[in-house]
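Input: a single structure, listed below in structure tokens.
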Amino acid sequence: MGPLTKEIPEIDLRSIWDILRLRWWIFPLCVVVCVGLLYTQESNLQSTPSSVLVVATYGPRNEMAGLSLYGIDPTAVREYPSFQNQLESVREQAAKAVEDQLGQSIDVTVTRPEQQVSLIAAADTTGKQKLTMLNVGEPNYVLTCIASTQKTCDQAIEVYVKQISDSRADGIANGLRKLADDVKKVIESTQAEQSQLELQRNALLTASSSATGEMQLVSELVEAQSGTLTTVKTTTYIFGALAGLLVAALIVLQLTYTDDKIRSSRKLLSSSSTPVFLGEISSHNAAAEVRQVLAGLVTRSHVTNQTLISLVPVDKKTDIDHLIELMGDDAKSNGLTITKTASVDEMSVTQIVESAATLTVIIARRNFSTLTALRRAEEVLARSNNNVVGVVLVTPTR
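To convert, take the position in the sequence shown, counting from 1, and add 4; that gives the numbering used here.
Structural data, given as structure tokens:
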């Protein structure tokens with residue numbers, strides 16, 4: 005057969021429509037993908053500040069350093085609650101205070117690095133080396149804010165600093181008072197006069213009453229965060245949409261030719277490797293189509309002198325009972341006995357052998373059964389010497 009006389013496959017519009025009905029989402033998906041690709045390639049990005057990052061570092065004043073004048077080790081005083089618990093409380097209270105004052109929620113984070121220490125080596129009175137661990141200053145508080153303007157961040161950070169200062173003042177005062185109470189217990193439990201302890205207790209109480217939690221700004225970093233304004237020509241969107249529709253159409257055509265499901269009677273008629281097509285029974289014209297199928301079965305029955313008809317479904321879920329009910333009266337009046345069997349995959353050896361004594365009709369479901377499954381069912385029945393009359397295509401009820 006020459007190239008000019010080679011058979012060209014016909015386009016089955018019904019199959020295309022079935023694919024469109026089941027795979028309609030291919031079109032919008034392809035359009036979105038194509039437009040998105042063109043948008044990425046041809047967009048003109050212009051950087052404009054859309055938000056501001058402010059990082060402010062505050063150094064707290066060491067309010068317990070003066071206690072060393074009275075012979076009190078400042079490290080013996082512990083803030084209560086601890087600064088970790090203070091930060092947790094500040095994060096909750098300050099966030100609400102910012103929202104109440106500014107009318108919006110601002111993203112502010114507070115961190116405090118661990119306190120640094122130093123080791124000092126010195127000789128004691130006996131000449132032995134002694135190591136002393138000392139805290140080096142107070143760790144700074146770092147506040148990070150992201151907002152639309154620097155002014156908004158400054159206002160939010162100011163609220164946080166006020167909350168931290170108040171919390172520090174309470175923690176320091178509580179720590180000093182607790183240590184003063186401990187000193188008082190020692191004084192009361194001792195009979196001798198403890199003038200040094202009295203002096204130290206008074207120093208602790210005086211320091212607790214003057215605790216302010218004061219903090220001073222050490223440094224501030226302001227950095228503009230970039231956003232994007234995108235301008236794309238309208239023609240780009242139109243071209244992307246058209247390209248997406250073209251790609252989707254090609255995909256649908258490909259699916260039409262590769263789809264193995266039986267979506268119309270035309271697919272059975274155009275296939276040379278399937279059983280004889282006896283007819284299609286749909287839901288809108290079932291009575292007339294059943295009579296037409298029975299006419300062919302009656303003719304075949306007269307030729308073979310066999311009145312027992314066995315219906316074998318290709319798929320397990322095919323409703324054979326409804327089909328037998330439709331054929332009932334007309335089949336009996338023409339001397340036919342209609343029976344049903346399980347699908348080929350569910351039939352036992354005895355059922356396959358016994359069905360050879362009847363006229364076998366394969367039942368396929370439109371949009372469910374495949375040509376591959378239909379050919380396989382026919383081959384299985386033919387190998388066991390079954391008389392396969394043909395195939396009937398039924399439309400399942402929805």
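We treat Cβ as the ideally placed atom computed from N, Cα and C, and that holds for glycine. Treat the numbers as computed from the prediction; the structure is a model and nothing was measured.
Worksheet entry | Length at least 3, wholly inside the region 222-288: the beta strand (DSSP E) runs in chain order | 281-285
Item to complete: Taking 8 Å as the cut-off, decide whether the C-beta atoms of Cys-149 and Val-58 are in contact.
Response: yes
Worksheet item: Thinking just about the alpha-carbon of each residue, which of Arg-95, Asn-144 and Gln-159 is nearest to the one in Asn-66?
Response: Asn-144
Practice prompt. Go through its chain and collect everything with a Cβ distance to Gln-2's Cβ below 8 Å, but skip five positions before and after it.
Written response: No answer is possible for residue 2: it lies beyond the span of the chain, which begins at 5 and ends at 402.
Item to complete: Output the distance between the C-alpha atoms of Val-256 and Ile-342, rounded to the nearest integer angstrom.
Response: 40 Å
Worksheet item: Name the DSSP bridge partner or partners of Cys-149?
Response: Val-58 and Val-112
Discussion item. Rounding to the nearest angstrom, what Cα-Cα distance links Asn-89 and Glu-192 in this structure?
Written reply: 33 Å
Fill in: Contact under 8 Å by Cβ, Ile-367 with Glu-382
no
Fill in: Pro-7 (DSSP reduced to helix, strand or coil)
For Pro-7, the predicted model reports a pLDDT of 45, less than 50, meaning its position is unreliable and no value from the coordinates is stated.
Discussion item. Please state the DSSP three-state secondary structure of Gln-220.
Written reply: strand
Practice prompt. Could you tell me whether any Cβ in chain C is nearer than 8 Å to the Cβ of Arg-267?
Written response: Considering every chain present, this structure includes no chain C. It has just one protein chain.
Worksheet item: Can you tell me whether DSSP reads Pro-32 as helix, strand or coil?
Response: helix
Discussion item. Could you compute how far the alpha carbon of Asp-349 sits from the alpha carbon of Val-357?
Written reply: 14 Å
Fill in: Among Asp-325, Ala-377 and Leu-363, the one whose alpha carbon lies nearest that of Asn-309
Leu-363
Worksheet item: With respect to the alpha helix (DSSP H) encompassing Gly-332, which residues constitute its N-terminal and C-terminal limits?
Response: 324-337
Worksheet item: How close, in whole Å, do the beta carbons of Ile-266 and Thr-374 come, if the pair is a contact with beta carbons under 8 Å?
Response: 7 Å
Worksheet item: Going by the CB atoms, is the gap between Leu-397 and Leu-340 shorter than 8 Å?
Response: no
Worksheet item: Just checking, does the region 170-183 make contact with the region 210-220 on the three C-beta pairs under 8 Å criterion?
Response: yes
Worksheet entry | Inter-residue Cα distance where the pair is Asn-390 and Ala-361 | 7 Å
Worksheet entry | Residue range of the unbroken alpha helix (DSSP H) whose run includes Thr-1 | The structure shown does not extend to residue 1, since the chain spans only 5 to 402, so no value can be given for it.
Worksheet item: Is the region 95-111 touching the region 70-85 in the sense that three or more CB pairs, one from each, lie closer than 8 Å?
Response: no
Discussion item. Can you give me the C-alpha to C-alpha distance between Gln-45 and Gln-229, rounded to a whole angstrom?
Written reply: 23 Å
Discussion item. Comparing C-alpha positions only, which one of Trp-28, Val-395 and Ser-86 sits nearest to Ala-173?
Written reply: Ser-86
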